[in-house]
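Student:
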Amino acid sequence: METQVFEVRTGDRPAVVDITRQVEAFCRGKGDGLVNVFVPHATAGVALIETGAGSDLDLWKAIDGLLPRDDRWVHSHGSPGHGADHLLPAFIAPSVTIPVVAGKPALGTWQSVVLVDPNRDNPVRRVRLSFLG
Amino acid sequence: METQVFEVRTGDRPAVVDITRQVEAFCRGKGDGLVNVFVPHATAGVALIETGAGSDLDLWKAIDGLLPRDDRWVHSHGSPGHGADHLLPAFIAPSVTIPVVAGKPALGTWQSVVLVDPNRDNPVRRVRLSFLG
Amino acid sequence: METQVFEVRTGDRPAVVDITRQVEAFCRGKGDGLVNVFVPHATAGVALIETGAGSDLDLWKAIDGLLPRDDRWVHSHGSPGHGADHLLPAFIAPSVTIPVVAGKPALGTWQSVVLVDPNRDNPVRRVRLSFLG
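Protein chains in written order, with the numbering used here: chain G, 3 to 135; chain R, 3 to 135; chain H, 3 to 135.
#1: Quick check on the DSSP output: the alpha helix (DSSP H) that includes ILE65(R) runs from which residue to which?
#2: Leaving aside the five residues before and after THR22(R) along the sequence, list all residues of the same chain whose C-beta is less than 6 Å from its C-beta, in chain order.
#3: DSSP state of GLY35(H), grouped into three classes?
#4: Throw me the rounded Cβ distance for the VAL39(G) and VAL48(G) pair, which I believe falls under 8 Å.
#5: So the candidates are PRO70(R), GLY85(R) and LEU69(R); which of them puts its Cα closest to the Cα of VAL76(R)?
#6: Listing by chain order, which chain H residues have their CB less than 9 Å from the CB of ALA27(G)?
#7: Please report whether the beta-carbon of GLY83(R) lies at a distance below 8 Å from any beta-carbon of chain G.
#8: On a Cα-Cα basis, can you pick out the residue from GLY67(G), HIS43(G), ALA27(G) and LEU131(G) that is closest to ASP123(G)?
#9: So that I know if they touch, is there some Cβ in chain H lying closer than 8 Å to that of ARG74(G)?
#10: If you follow the alpha helix (DSSP H) that VAL25(R) is part of, which residue opens it and which one closes it?
#11: Assuming THR53(R) and ASP20(R) are in contact, meaning their beta carbons sit under 8 Å apart, how far apart are those beta carbons, in whole angstroms?
#12: Mind listing the chain R neighbours of PRO101(G)? Cutoff is C-beta to C-beta under 8 Å, in chain order.
#13: Would you say ALA95(R) lies against chain G (beta-carbon separation less than 8 Å)?
#14: May I have the straight-line CA-CA distance separating VAL18(H) from ALA55(H), to the nearest angstrom?
#15: Mapping the DSSP letters down to three states, classify LEU90(R) as helix, strand or coil.
#16: Across which residues does DSSP place GLY47(G) in a beta bridge pair?
#17: Got a sec? Which residues, its chain only, sit under 6 Å from ARG71(G) by beta carbon, not counting five neighbours each side?
#18: Starting from PRO101(G), follow the beta strand (DSSP E) in both directions and report where the run begins and ends.
#19: Work out the CA separation of GLY80(G) and PRO125(G) for me, nearest whole Å.
#20: What's the call for GLY13(H), buried or exposed, on a 16-neighbour Cβ count within 10 Å?
#21: To which residues of the same chain is PRO120(R) closer than 6 Å at the C-beta, ignoring the five residues directly before and after it?
#22: Can you tell me whether THR111(H) is buried or exposed? The criterion is at least 16 other CB atoms within 10 Å of its CB, across all chains shown.
#23: Given a threshold of 16 other Cβ atoms within 10 Å of its Cβ, counted over all protein chains shown, does GLY35(R) qualify as buried or as exposed?
#24: For chain R, is any of its Cβ atoms less than 8 Å away from the one on ALA55(H)?
#25: Bridge partners for GLU4(G) per DSSP, in chain order?
#26: Would you kindly check if the distance between the Cβ of VAL98(H) and the Cβ of LEU50(H) is under 8 Å?
#27: Whole angstroms are fine: how far does the CA of LYS106(G) sit from the CA of PRO96(R)?
#28: Counting only Cβ-Cβ distances shorter than 9 Å, please list the residues of the region 102–129 of chain G near chain H, keeping chain order.
#29: With a threshold of 7 Å on Cβ separation, who are the neighbours of ARG11(G) within its own chain once the five nearest residues in sequence on each side are excluded?
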């Protein structure tokens, strides 16, 4: 297996960060296999969605409906509503596996790999890419 | 890695299509390994649920609660509420990995592999199966 | 591939059971690769969340909001609201893949692997671990 970690600056507000370019660069020259995109954090997830047409904004609306940022949560340190952030990875998992064909992730035309980070308190996140062929 | 793409007709209404048979056929004779089921589309997902007892219908009720088909979404081309379709893969990912033992996906008795496609505008979908042993 | 099945007692009420220790023990000595954690059941899922700080309790609150345990579901055998249990794996998938580095799952500091089992009717569950290096 080949594996590599890189950092992403997500800033101090909820962020959907497109990391497709990094995944593509990692796969280049690797032939056929599977690439796993993994976020080693308890308040972030990875998703495959279209970016640039509004869905990244819409995603927060949907997440706020599912996981309201209020005082209902037992887990309640940090920013108000931070307990919601801790539930995000149960619904948007921090791991996704993508087939790689001839050194390219076999994504559809409109699919991008995004890091979903609701967390206001951690401005830098790590992502681990792993390739098995 | 061995990989293969097939098409599924999902029609012009929300569809949960059982593709277990295709996954089983692909794994036959391949020994032990992992099979990845991947949908290269931005408005569809893959799930492992029981089919034939009503959960396929229930799933749309749950999805409509999470992602209402109305005009709240920024991403708003196509059919009314289509922005909701674009969020589906964030919650029902378009990728699932299943262990394969002796050429058979090691699914539980009541688990089926289903393509979840809310999209009214794309009647045919592709699915990529990839095996690594 | 190396693969192994173990049992978890989840009891007769909704349970979030930490299985990190079992995953770590399975990976020990295996070098670099990917470990897949798979639950061969139609009413359970696997998640990577922080445990011990309240999120395991909060998770049921979020699940009850998404999948209310009432008579709205078509799939309706067993305990009241059991149809909701059948939808859980669509949103919290029964499969997660984790990178393994030098025989250790490359989890973040606050990430635990948990079995999420809402089902009151099945007190014992199986989990399959599979390693590919």
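Note that the Cβ used here is the ideal one computed from N, Cα and C, for glycine as well.
Tutor: The short version:
#1: 57–68
#2: SER114 and VAL115
#3: strand
#4: 5 Å
#5: GLY85(R)
#6: What ALA27(G) touches in chain H: nothing, since even the nearest Cβ is about 18 Å away.
#7: no
#8: HIS43(G)
#9: yes
#10: 22–29
#11: 5 Å
#12: MET3, THR5, ASN38, PHE40, ARG130 and SER132
#13: yes
#14: 13 Å
#15: helix
#16: VAL118(G)
#17: GLY83 and ALA86
#18: 97–103
#19: 14 Å
#20: exposed
#21: PRO16, ASP87 and LEU90
#22: exposed
#23: buried
#24: no
#25: PHE133(G)
#26: yes
#27: 17 Å
#28: ARG128
#29: PRO125 and VAL126
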